[in-house]
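Here is the structure we will look at.
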Amino acid sequence: MLKSPVGVQRQLSDAVSIIGKSDFPEKWPGLISEMVEKFGTGDFHVINGVLRTAHSLFKRYRYEFKSQKLWEEIKHVLENIAKPLTDLFVATIDLTSKHANNPQALKVIYGSLVLICKVFYSLNLQDLPEFFEDNMSVWMPNLLNLLQVKVPCLETDDEGVMEQLRTEVCECAALYALRYEEEFAPYAPAFVNAVWQVLLTTGADPKYDALVSNALNFLSKVAEKNNYKSLFEDPA
Numbered sequence: 001m002l003k004s005p006v007g008v009q010r011q012l013s014d015a016v017s018i019i020g021k022s023d024f025p026e027k028w029p030g031l032i033s034e035m036v037e038k039f040g041t042g043d044f045h046v047i048n049g050v051l052r053t054a055h056s057l058f059k060r061y062r063y064e065f066k067s068q069k070l071w072e073e074i075k076h077v078l079e080n081i082a083k084p085l086t087d088l089f090v091a092t093i094d095l096t097s098k099h100a101n102n103p104q105a106l107k108v109i110y111g112s113l114v115l116i117c118k119v120f121y122s123l124n125l126q127d128l129p130e131f132f133e134d135n136m137s138v139w140m141p142n143l144l145n146l147l148q149v150k151v152p153c154l155e156t157d158d159e160g161v162m163e164q165l166r167t168e169v170c171e172c173a174a175l176y177a178l179r180y181e182e183e184f185a186p187y188a189p190a191f192v193n194a195v196w197q198v199l200l201t202t203g204a205d206p207k208y209d210a211l212v213s214n215a216l217n218f219l220s221k222v223a224e225k226n227n228y229k230s231l232f233e234d235p236a
């Protein structure tokens, strides 16, 4: 599965998520550990297959109602994947510098970061996990940098990996601004400035539609909060 073409990987990942909804984690207790082991392969085609499966498996956390069963499942997942996902996030960002002159590698690497952000969002939606709260100093500055980084060799006429990445970062930032206001407060000013710059420098092409939508959503969530209102009173 993990070495299948991307289209096949997506279909198989969706199948895993359907099976997992009824069988995971009770009948599949070792699944997350087996997935995490693949992070150490260094093969990003394999790693991206794992991340697609994780995204398919965890995305239902975005809309399911809170329950004891769901809480226990998410707790099990976090205990097994929160730290490995964070380590993978940092290592993958480091690889963007090492492969700065290799467009083909960069496309795969930044594609991994898109998937990591999707998984991160799903794992944070029900509640703020203690591990991610303790590691906001790792996640937030790096997410901010991904929002600002320019990679000319990956610019395309349609929605490319960089637009997808900025879109996901804006979604993660909006979640934290809305749900975890106090914890996000130290990072809010920098994100507001960065998202505003994204909007100022983004054209009207259809490829930017999702990015602009998520950027505006982030700013609206921040503007709703009393703690952040001063950020919009700065004449600069």
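Those letters in the sequence shown? Residues 1 to 236, by the UniProt record's numbering. Backbone N, C-alpha and C define an ideal beta-carbon position, used for all residues, glycine too. Predicted model, so just to flag it, every value in this text is computed and none were measured.
What do you reckon, are the CB atoms on L165 and L113 nearer than 9 angstroms? Locating residue 165 in the sequence shown gives position 165, where the first residue counts as 1. Locating residue 113 in the sequence shown gives position 113, where the first residue counts as 1. It is a contact, given that the beta carbons lie within the stated cut-off.
Give every residue of the same chain whose Cβ lies closer than 6 angstroms to the Cβ of D158, excluding the five residues on either side of it in the sequence, and list them in chain order. In the sequence shown, counting from the first residue as 1, residue 158 sits at position 158. Answer for D158: K207, listed in chain order.
As assigned by DSSP and simplified to three states, the class of K66: Within the sequence shown, residue 66 is the residue found at index 66, counting from 1. The answer is coil: DSSP assigns K66 none of H, G, I, E or B.
As an exercise, report each continuous alpha helix (DSSP H) stretch of at least 4 residues that is fully enclosed by the stretch 168-234, in chain order. 181-184, 188-201, 209-224
Buried or exposed, going by whether 16 or more other CB atoms sit within 10 Å of the CB of L85? In the sequence shown, the residue the question calls residue 85 occupies position 85. Counting Cβ neighbours within 10 Å, L85 comes out buried, since at least 16 surround it.
Hey, Y228 and V192: beta-carbon distance below 9 angstroms or not? In the sequence shown, the residue the question calls residue 228 occupies position 228. In the sequence shown, the residue the question calls residue 192 occupies position 192. Yes, the pair counts as a contact, with Cβ atoms nearer than the cut-off.
Using the Cβ count rule (16 or more neighbours within 10 Å means buried), how would you classify A223? The count along the sequence shown starts at 1 and reaches residue 223 at position 223. A223 should be labelled exposed.
Can you tell which of K38, L123, H76 has the C-alpha that lies nearest to the C-alpha of S56? Residue numbering aside, residue 56 sits at position 56 when the sequence shown is read from its first letter. The shortest Cα separation from S56 among K38, L123, H76 belongs to L123.
CB contact flag (F218, A174, <9 angstroms): To locate residue 218, count along the sequence shown from 1; it is residue 218. To locate residue 174, count along the sequence shown from 1; it is residue 174. Their beta carbons are under 9 angstroms apart, which means F218 touches A174 by this criterion.
Around the Cβ of L143, are there at least 16 other Cβ atoms within 10 angstroms (buried) or fewer (exposed)? In the sequence shown, residue 143 corresponds to position 143, counting from 1. With 16 or more Cβ atoms within 10 Å of its Cβ, L143 is classed as buried.
Same chain only: Cβ atoms within 7 angstroms of L115, ignoring 5 sequence neighbours per side: Indexing the sequence shown from 1 puts residue 115 at position 115. Contacts found: N48, L51, R52, H55.
Among the residues of its own chain, which have a CB less than 8 angstroms from the CB of S70, if the five just before and after it don't count? Position 70 of the sequence shown, counted from the first residue, corresponds to residue 70. It is Leu, not Ser, that sits at residue 70 in the sequence shown. Correct list, in chain order: Y61, E64, Q126.
If you draw a straight line from the C-alpha of N102 to the C-alpha of K118, how long is it? Mapped onto the sequence shown, residue 102 falls at position 102. Mapped onto the sequence shown, residue 118 falls at position 118. Rounded to the nearest angstrom, the two C-alpha atoms are 25 angstroms apart.
Limits of the alpha helix (DSSP H) - the one that T156 falls within: By one-based count along the sequence shown, residue 156 stands at place 156. Run containing T156: none; DSSP gives neither H nor E here.
Does DSSP classify W139 as helix, strand or coil? The sequence position of residue 139 within the sequence shown is 139, counting from 1. Reduced to three states, the DSSP call for W139 is helix.
Close beta carbons around L178, own chain, < 7 angstroms, minus the five adjacent residues each side: Residue numbering aside, residue 178 sits at position 178 when the sequence shown is read from its first letter. Result list for L178: K221, in chain order.
Could you check what DSSP says for V50 in three-state terms: helix, strand or coil? As a working mapping, residue 50 is identified with position 50 in the sequence shown. Here V50 sits in helix by DSSP.
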